[in-house]
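Down below is the structure, laid out as structure tokens.
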Amino acid sequence: MTPRQKRIWMVVGIVGGVGLAATLALQAFQDNLMYFQSPTQVLEQPIAGERSFRLGGLVEPGSVTREPGNLEVRFRITDNVEAIEVSYAGLLPDLFREGQGVIVRGKLGADGLFVAEEVLAKHDENYMPPEVAESLRMPPLIKQVEAGGA
Amino acid sequence: MIPELGHFALVLALLLALGQSWFGLLGAARGRVAWMRAAETSVAGQWWLLLLSFAALVWSFVRFDFSVAYVANTSNSLLPLFYRIAAAWGGHEGSLLLWALILASWSAAIVFFSRQMPLPFRSRVLGILGLVSVGFILFLLSTSNPFDRLMPAAPEGRDLNPLLQDFALAVHPPTLYLGYVGLAVPFAFACATLLEGRQEVDWARWARPWTLVAWLCLTVGITLGSWWAYYELGWGGYWFWDPVENASFMPWLMATALVHSLAVTEKRGLFRSWTLLLAVSAFSLSLLGTFLVRSGVLVSVHAFATDPSRGLFILGFLVAVIGGALTLYAWRAPALQAPGGFAPTSREAFLLFNNALLVAAAGLILVGTLYPLFMDALGLGKISVGPPYFGIAFLVPMVPLLLLMVFGMHAAWKYSRLGTAKRPLLMLLPLALLAAVGLILAGYDHFSLAAFAGFGVALWLMGSSLVAPWQRRDRWRSLPAGFWGMTLAHFGVGLFTLGVTGVESYRIERDLSLAPGESATLMGYAFRFDGTREVQGPNYAAVEGSFTVTREGQPVTVLTSQKRLYASGGNPMTEAGIHVSPRRDLFVALGEDLGAGKWSMRLQYKPLIRYVWLGALLMALGGLLATADRRYRVQLRQEEGQPA
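Residue numbers (numbering that gives the first Met the number 0), protein chains in the order written: chain A, 0 to 149; chain B, 0 to 643.
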């Protein structure tokens with residue numbers, strides 16, 4: 000190959016490689032975008048079926064139940080207006096508590112049960128994920144959250 | 000009284016920082032030696048004052064002064080002395096004060112160690128650093144004063160977040176800050192070069208050791224954070240693509256690119272304006288990281304309390320620094336000319352690819368980190384970008400980077416020549432692939448193409464990094480430290496790749512419900528749950544679960560995991576039980592009482608995970624070795640003899 004041909008091939012290789020890389024990255028980006036919804040939004044315009052999304056709110060007091068000895072736990076996530084039933088089989092984070100703000104990632108079943116793959120609670124008991132704080136419908140609670148953030 | 004002294008020292012430090020930038024920049028512009036000397040004196044004074052200020056804060060912690068709001072918020076009377084000292088940077092205000100102190104320390108180090116630089120250049124560097132310092136101290140004084148008093152004093156403090164009561168986390172922030180703030184030094188060098196319109200590339204040689212030290216601190220800081228998250232958060236992961244982790248990782252990628260491009264600029268005088276731009280970008284990203292962490296715009300495990308005014312201040316500061324530096328760049332950089340060219344497979348070309356790929360990785364991570372913020376700001380819904388995106392976005396540029404690295408470190412400057420390394424490299428490839436197959440067959444239960452490729456590349460890379468020292472084995476003593484540093488760091492990259500491949504391909508994580516006496520088996524390791532008991536610690540009470548681990552009937556270890564409740568209240572905390580060996584970690588975390596005599600728990604098998612951190616530490620160690628290279632010091636001694 001002449002140097003000129005070599006250069007052309009190199010440019011072709013680089014352009015092709017960059018194109019492939021960009022396609023892969025974009026595809027991954029598309030696939031991993033996850034929406035956040037509050038229980039009210041879920042009921043208004045549900046993201047049903049295959050797509051995972053994140054659901055956030057407070058763990059409704061008194062809603063956490065499990066059969067003794069069973070790993071699966073059920074609780075309701077509420078924004079103080081609506082509530083969604085969630086099922087999760089796994090270790091709950093240390094900061095998971097009734098009345099605490101949490102975000103769960105998973106899918107909504109046709110029966111209205113949200114099957115969570117992951118439960119996130121934040122690491123400071125005074126800290127509330129901003130999405131959750133905003134989605135709550137009861138102003139005094141939001142105030143309390145903001146005041147607690149000091 | 001002591002806290003007021005600290006506050007007062009901070010105010011004086013601000014004045015001296017102003018003096019440092021004024022005398023530094025104007026003195027150099029007008030060529031007044033006395034002014035330039037005054038800038039150096041300001042640096043020294045500022046350093047002592049900030050040290051005094053920080054000592055006053057630590058003193059308030061040691062003496063339980065709960066009349067200081069920050070002390071009352073982040074410590075209490077049961078906290079052991081070591082963590083009371085560490086608590087000084089366990090919250091927002093104190094960590095910023097530490098930041099300012101570290102910045103002053105870097106400036107002082109420049110005054111002390113960089114005597115070979117011409118006085119005007121050095122004083123411009125100090126002037127720029129002074130401006131950054133002014134910004135930070137103003138930020139401290141106006142929005143986050145650690146010395147604010149509580150009226151009346153709190154009878155008891157609220158405690159340091161129990162998660163932070165840990166050795167690795169006590170040293171993680173200072174190390175990380177050393178790196179973050181250290182990137183201000185190459186930034187200042189770049190700005191000074193642009194201000195002066197300097198055509199020589201000697202600044203690249205002066206900047207290299209500083210950049211290396213900042214880079215290695217950043218490396219160690221990130222590694223410590225990852226290690227801590229692994230054992231303390233109780234999840235057993237080592238990297239979460241959490242926005243704040245990304246905020247530290249992006250500057251690291253840029254700094255890595257900068258370390259390499261500085262080499263080209265120093266040795267060959269090429270990539271001049273690119274190197275300058277990288278230096279500016281690396282520090283800009285580290286400021287952006289601060290903004291993301293401190294302003295509370297991000298949901299993250301690291302987010303401290305949020306306060307909009309802080310966010311606004313940092314945003315303004317960010318715009319001023321980045322905007323200012325980029326304007327300067329746009330104005331002055333076109334005047335820089337690059338001499339000569341290079342062949343398509345010369346060392347320059349390889350380093351160019353290295354830079355392009357590292358910057359691409361940083362860019363892809365930046366997109367994923369900021370995209371949700373933009374969407375939210377534009378009212379287009381709340382979204383997040385899942386960790387799998389970052390995994391792929393990182394892998395896409397890293398695979399070609401690793402492959403190019405195998406050859407790149409042997410390439411000659413300017414010409415396309417691999418020399419005597421070519422044959423050993425090609426011979427190493429089948430060996431590495433064979434070893435990868437052997438590793439998989441010997442260690443794991445199934446074959447995975449990704450693991451095969453990952454192990455193969457990792458082993459090839461490790462082998463490649465050893466080729467050069469092997470070929471020069473008869474003159475090891477005469478090889479420069481920089482050579483050994485490069486070898487070690489690249490070997491570390493290989494080891495890191497090996498670890499990541501192993502743990503990502505063959506880790507097993509299982510959440511289970513077990514009663515005492517029951518067991519579960521992971522990769523041949525049988526974990527028997529032996530039940531729980533109560534344990535009393537210095538400032539906590541805990542339930543401790545005990546597990547006997549056996550393999551083919553032979554005892555391996557007994558692991559314990561605790562669920563702790565700290566006396567200061569708050570939520571329970573999990574302490575994981577971990578058994579370490581060169582081949583794998585075994586990891587147990589106790590969950591909660593599920594009733595009916597059963598407990599929930601997470602059992603994990605983590606193959607090769609130690610090599611992830613070991614590899615990263617070798618990279619840092621390589622950086623340290625390279626910093627010790629004689630030619631940086633020889634330069635110093637020669638010019639010390641000359642009149643300044």
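Quick reminder that beta carbons are idealized off the backbone N, C-alpha and C, glycines included.
How far does the alpha helix (DSSP H) with residue i in it reach, from first residue to last?
i                 : result
Ala-67 (chain B)  : At residue 67 (chain B) the sequence reads Val, which differs from the Ala that was named. Note, Val-67 (chain B): premise wrong, no alpha helix (DSSP H); not H, not E.
Val-32 (chain B)  : 32-61
Gly-644 (chain B) : A question about residue 644 (chain B) goes unanswered here, because the residues of chain B that appear run from 0 up to 643.
Trp-598 (chain B) : Not the alpha helix (DSSP H): Trp-598 (chain B) falls in the beta strand (DSSP E), residues 597-606.
Leu-17 (chain B)  : 1-29
Ala-361 (chain B) : 346-376
Leu-140 (chain B) : 118-142
With DSSP as the reference, identify every bridge partner of residue i, one or two as the case may be.
i                 : result
Ala-540 (chain B) : B:Gln-535 and B:Leu-564
Thr-77 (chain A)  : A:Leu-57 and A:Ala-82
Thr-573 (chain B) : B:Lys-562
Tyr-524 (chain B) : B:Leu-521 and B:Arg-550
Phe-270 (chain B) : Answer is none; Phe-270 (chain B) lacks a bridge partner.
Glu-71 (chain A)  : A:Ala-88
Gln-36 (chain A)  : A:Leu-54
Lys-381 (chain B) : Note: Lys-381 (chain B) sits in no beta bridge, so no partner.
Ala-115 (chain A) : A:Tyr-87 and A:Gly-105
His-578 (chain B) : B:Leu-585
Comparing the C-beta of residue i with each C-beta of chain B, is any distance below 8 Å?
i                 : result
Arg-73 (chain A)  : no
Asp-78 (chain A)  : no
Gln-4 (chain A)   : no
Arg-50 (chain A)  : no
Leu-161 (chain A) : With chain A covering only 0 through 149, there is no way to say anything about residue 161 (chain A).
Leu-42 (chain A)  : no
Gly-105 (chain A) : no
Ala-115 (chain A) : no
Gly-15 (chain A)  : no
Ala-156 (chain A) : Since the first residue shown for chain A is 0 and the last is 149, residue 156 (chain A) is missing from the structure and cannot be characterised.
Leu-112 (chain A) : no
Leu-54 (chain A)  : no
Ala-24 (chain A)  : yes
Ala-20 (chain A)  : yes
Gly-98 (chain A)  : no
Taking the Cβ atom as the reference point for each residue, do residue i and residue j lie within a distance shorter than 8 Å?
i                 : j                 : result
Ile-382 (chain B) : Phe-113 (chain A) : no
Met-485 (chain B) : Met-408 (chain B) : yes
Ser-122 (chain B) : Trp-46 (chain B)  : no
Ala-99 (chain B)  : Gly-196 (chain B) : no
Gly-57 (chain A)  : Gly-98 (chain A)  : Sequence inspection shows Leu at residue 57 (chain A); the Gly mentioned does not correspond to that position. Yes; because the gap between Cβ atoms is below 8 Å, this pair is in contact.
Ala-21 (chain A)  : Tyr-388 (chain B) : no
Val-11 (chain A)  : Leu-54 (chain A)  : no
Glu-71 (chain A)  : Ser-86 (chain A)  : yes
Leu-403 (chain B) : His-259 (chain B) : no
Gly-89 (chain B)  : Leu-24 (chain B)  : no
Ala-575 (chain B) : Gly-235 (chain B) : yes
Ala-625 (chain B) : Gly-481 (chain B) : yes
Tyr-168 (chain B) : Thr-255 (chain B) : The identity of residue 168 (chain B) in the sequence shown is Leu, whereas the question assumes Tyr. It is not a contact, given that the beta carbons lie outside the stated cut-off.
Does chain A have any CB closer than 8 Å to the CB of residue i?
i                 : result
Asp-158 (chain B) : no
Asn-570 (chain B) : yes
Phe-7 (chain B)   : no
Leu-363 (chain B) : yes
Pro-399 (chain B) : yes
Pro-154 (chain B) : no
Thr-73 (chain B)  : no
Thr-274 (chain B) : no
Thr-573 (chain B) : yes
So residue i is in the beta strand (DSSP E); what residue range does that whole segment cover?
i                 : result
Ile-439 (chain B) : Unbroken run through Ile-439 (chain B) is the alpha helix (DSSP H), 421-442; no beta strand (DSSP E).
Val-63 (chain A)  : First-last for Val-63 (chain A): undefined, no H or E at that position.
Self-check item: Residues from the segment 127-148 of chain B in contact with chain A, defined by Cβ distance under 8 Å
Solution: Residues of the segment 127-148 of chain B that bring their beta carbon within less than 8 Å of a beta carbon in chain A are absent altogether.
Practice problem: Check distances from the C-beta atoms of the segment 181-201 of chain B to those of chain A and list, in chain order, the residues that come in under 9 Å. | Solution: The residues in question: there are none.
Practice problem: Taking a Cβ distance cut-off of 8 Å, strictly less, list which residues of the segment 583-610 of chain B are near chain A, in chain order. | Solution: Contact residues of the segment 583-610 of chain B toward chain A are Ala-588, Gly-590, Glu-591, Leu-593, Gly-594, Ala-595, Gly-596, Lys-597, Ser-599, Met-600 and Arg-601 (C-beta to C-beta distance below 8 Å).
Quiz item: Using Cβ-Cβ distances below 9 Å, what residues of the segment 382-396 of chain B are close to chain A?
Solution: Flagged, chain order: Ile-382, Ser-383, Val-384, Gly-385, Pro-386, Pro-387, Tyr-388, Phe-389, Gly-390, Ile-391, Ala-392, Leu-394, Val-395 and Pro-396.
Quiz item: If contact means a Cβ-Cβ distance below 9 Å, which residues of the segment 510-523 of chain B contact chain A?
Solution: If the cut-off is 9 Å between Cβ atoms, the segment 510-523 of chain B has Asp-510, Leu-511, Ser-512 and Ala-514 near chain A.
Self-check item: Positions along the segment 56-71 of chain A whose CB lies within less than 7 Å of some CB in chain B
Solution: Cβ contacts with chain B come from Arg-65, Pro-67, Gly-68, Asn-69 and Leu-70.
Quiz item: Going along the chain, which residues of the segment 467-483 of chain B sit with their C-beta nearer than 8 Å to a C-beta in chain A?
Solution: For the segment 467-483 of chain B, no residue has a beta-carbon sitting nearer than 8 Å to a beta-carbon of chain A.
Quiz item: Can you list, in chain order, the residues of the segment 369-382 of chain B whose Cβ is nearer than 7 Å to any Cβ on chain A?
Solution: Result list: Gly-380, Lys-381 and Ile-382.
Quiz item: What residues in the segment 329-357 of chain B bring their beta carbon closer than 7 Å to a beta carbon of chain A?
Solution: Correct list: Pro-343.
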